[in-house]
Amino acid sequence: MAEITRKWFKEMSVYQIWTRSFCDSNGDGIGDLPGVYSKLDYIKSLGVDAIWFSPIYPTPNADYGYDISDYKNINPEFGTLDDFKMILDGAHERGMRVFMDLVVNHTSDEHEWFKESSKSVDNPYHDYYIWRKGKGNKPPNNWLSVFEGGAWEYNKNLDEYYLHVFAKKQPDLNMDNPKVREEVKSIMRFWLDMGVDGFREDVITFISKAEGLPNGIPLPVATGVEHYKHGPHLDEYLDEFRAVTNEYDCMTVGEGPMTSLKDAVELCSEGPNQKLDMLISFDHMNADCMVTDWIKLPFNLRKLKNTMTKWQKAMYGRGWNCLYIENHDHARIIDRYGSLKYRVQSGKALATMYFLQCGTPFIYQGQEIGMTNISVDHLYEYKDVMTFNNYRLFSGILHLSEKQFLKLSSKVNRENARTPVQWNSGKNAGFTTADEPWFKINENYKEINVEAAEKDENSLLNYYRKLTKFRKENEIVIYGEYNLLYENSKNLFVYERLYEGQRLLVITSFSENPVKFKAPVGYNLSEGELVLQNYDVIDPGKNDFYTKPYEARVYLFK
Ligand code: GLC
Ligand code: CA
């Protein structure tokens, strides 16, 4: 069995905050840092050990904070640096760490560097970005952006184009310029010196673009991605950044859309060449879609098991997995992999399934109370650049009407995860005292909210608390080896964890119909302790039974 090293970041669970929709303290309809501060005890009560903030820097909000105009300050809509320091201290006092989002593949076009860069071709900042001459009246190559149309924007004064892999208000930094890398390191030091405990690094695997920026294989979006999704100098630049984080007791988790498992293992392998502590993979988020969340397919449990198991097996003893089923980039998971009819039970089955695998579990705001997707009546109620781009795409290529598009969107859009957190059944779900919150509140807030979940001992919220506690108290959950069982079952996700003679058996059903379960060879349920379950179990020692809808059971064998 592979040797596993112990690290604090392997033992933690993390809560992700998307501040704009978390809690509004001053009644302007926008979530903010004092709002977060007021909920620190709540966050702590979940049993998590850290908070990751999606970007909270100044931003014109072209991509809600993922377009940064000043890396060393706080978005005035959210508060001040002092507010942030209060949170940092408040979190640390409560034994929680704080991670910032480091978005350095691109900046906002309103960042000073970009403004300077656009002034003239001999401006000292010009080479901070990727500027090229066109080919005739055409852009330098055929790349398409992930968000909106072509990946190049023309600047008439300079007669040059700049590259933007995301929205046109998100120009890509030229990481090949050593000065840009120095800026990145200086940003890292700024926050680490303040006491921040690490970074989630946004699309960090995109920072190195192929020499000569060759044309890409034509795709409807993101043409050219093969030339930057793991570019020629990625390893080298990550090594440089790693040298900085190595000076501190901190952690890094990189976001790697389309990163292969092989590359991920290389990036995260422990030892002198390690680049990242963990990687946010997208593979397991494709069990009900193809290529993008927007090409929807029926949920396929076997695909999910297969993908997760591959990552579990490959990382074990080498690197470390980042476990998540929700964040600000995907629709709510109960709508996707669970069942609205069995919202709480399927929420618990999903939680059990991912939380007890080997890796560091992340919980996204609202996930812990089982928040669900929204539906809107008009396109204009949406806020996100990606929504509008997808509308152009789907109404153009597939001729979807607005109504058809909105229906699809209510299943797949990432904005579903960005509605305000539902704190109680009062006005605006307790999120804001303003008349108008910045974004639509889910109509189901009277039923689904934190206050109601607190009162119900069988709520999903209280189940998450059990999970974080159980994980903390049982090293087998943190360090145990993972094996998938009943690989071919279409409805059951069953696996074991093995550690120092102990065994943990995790049984989850993804069906609302009864599914026959039989204890795997070598297991006698009457010898184990039923440590977690989402239904009352009358005879836990019985070795075969029919599952209840989305049943979850966890047995520990000592
Ligand atoms: C990452 C972020 C996403 C953002 C994109 C561009 O994928 O998670 O929210 O839109 O990068 O920065
Ligand atoms: Ca506010």
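Mapping of the sequence shown onto the working numbering: residues 81 to 638, in sequence order. C-beta: ideal position from N, C-alpha, C; glycine also. These numbers were taken from a predicted model, which means no experiment stands behind them.
Which one of the options has the shortest CA to CA distance from residue i?
i, options, result
"VAL501", "PHE485, LYS483, GLU531", "GLU531"
"ASP252", "PHE194, LEU272, PRO298, PRO258", "PHE194"
"HIS364", "VAL201, GLU346, ASN386", "ASN386"
"LYS520", "PRO594, ASP143, ASN504, ASN496", "ASN496"
"LYS552", "TRP98, PHE362, LEU126, LEU488", "LEU126"
"ILE454", "ARG494, CYS438, PHE435", "ARG494"
"TYR559", "LYS383, LEU436, CYS348, ARG423", "LEU436"
"TYR422", "ASN217, LYS124, LYS628", "LYS628"
"MET338", "TYR417, VAL226, HIS244", "VAL226"
"LEU314", "VAL324, PHE279, LYS355", "LYS355"
"TYR544", "GLU91, SER105, VAL128, GLY115", "VAL128"
"LYS236", "LYS215, LYS165, GLU263, SER198", "SER198"
"SER539", "GLU567, SER490, MET451, PRO517", "MET451"
"ALA142", "VAL260, GLN445, HIS186, ASP181", "HIS186"
"ILE360", "GLU609, GLU406, ALA247", "GLU406"
"GLY427", "ILE154, LEU120, PHE590", "PHE590"
Could you pull the start and end residues of the beta strand (DSSP E) that residue i belongs to?
i, result
"THR332", "331-335"
"TRP391", "Not the beta strand (DSSP E): TRP391 falls in the alpha helix (DSSP H), residues 381-395."
"THR372", "372-376"
"TRP518", "Counting along the chain, TRP518 falls outside any beta strand (DSSP E), and DSSP gives it neither H nor E."
"TRP232", "232-235"
"ASN563", "561-565"
"GLU609", "609-613"
"LEU636", "632-637"
"GLU576", "572-579"
With burial defined as no fewer than 16 other Cβ atoms inside 10 Å of the residue's Cβ, what is the status of residue i: buried or exposed?
i, result
"ASP189", "buried"
"ASP619", "exposed"
"LYS249", "buried"
"GLY476", "exposed"
"LEU420", "exposed"
"LEU161", "exposed"
"MET81", "Unreliable positioning characterises MET81 in this predicted model, as indicated by a pLDDT of 47, which lies under 50. A coordinate reading is not provided."
"PRO378", "exposed"
"ASP282", "buried"
"MET255", "buried"
"ASP169", "exposed"
"THR85", "exposed"
"LEU584", "buried"
"ASP616", "exposed"
"HIS651", "Only positions 81 to 638 of the chain appear in the structure, and residue 651 is not among them; the question remains open."
"ILE375", "exposed"
"TYR202", "Residue identity check: residue 202 is Asp in the sequence provided, not Tyr. With fewer than 16 other Cβ atoms within 10 Å, it is exposed."
"TYR626", "exposed"
"ALA411", "buried"
"SER340", "exposed"
"VAL371", "exposed"
"ALA367", "buried"
For residue i, list the residues DSSP reports as bridge partners.
i, result
"ILE53", "No answer is possible for residue 53: it lies beyond the span of the chain, which begins at 81 and ends at 638."
"THR440", "CYS402"
"PHE179", "TRP132"
"MET358", "VAL333"
"TRP503", "Looking at the DSSP assignment, TRP503 forms no beta bridge with any residue, so it has no partner."
"TYR209", "LEU253"
"ASP536", "According to DSSP, which records beta bridges pairwise, ASP536 is partnered with nothing at all."
"LYS598", "ASP624"
"GLY278", "MET331"
"VAL245", "Beta-bridge pairing links VAL245 to no other residue."
"CYS369", "LYS376"
"LYS218", "LYS215"
"LEU224", "GLY230"
Could you spell out the range, first to last residue, of the alpha helix (DSSP H) harbouring residue i?
i, result
"THR588", "Here THR588 belongs to no alpha helix (DSSP H); instead the beta strand (DSSP E) covers 582-589."
"GLU263", "258-274"
"ARG423", "423-435"
"GLY170", "161-173"
"GLY115", "113-118"
"ILE413", "413-416"
"PHE474", "465-476"
"ALA497", "Taken as a continuous stretch (DSSP letters only), ALA497 belongs to no alpha helix (DSSP H), as it is neither H nor E."
"THR325", "314-325"
"GLN445", "Unbroken run through GLN445: none, as it is neither H nor E."
"VAL345", "341-348"
"SER490", "482-492"
Determine, for residue i, whether the minimum Cβ-Cβ distance to residues of chain C falls below 7 Å.
i, result
"SER288", "Reference to chain C is not applicable here, since this structure consists of a single protein chain."
Roughly how far, in whole angstroms, is the beta-carbon of residue i from the beta-carbon of residue j, given that I think they are within contact range, below 8 Å?
i, j, result
"TRP518", "ARG100", "7 Å"
Contact shell at 6 Å, judged by CB to any heavy atom of ligand 4, ordered along the chain: Ligand 4 is not among the ligands present in this structure, which contains only ligand 1 and ligand 2.
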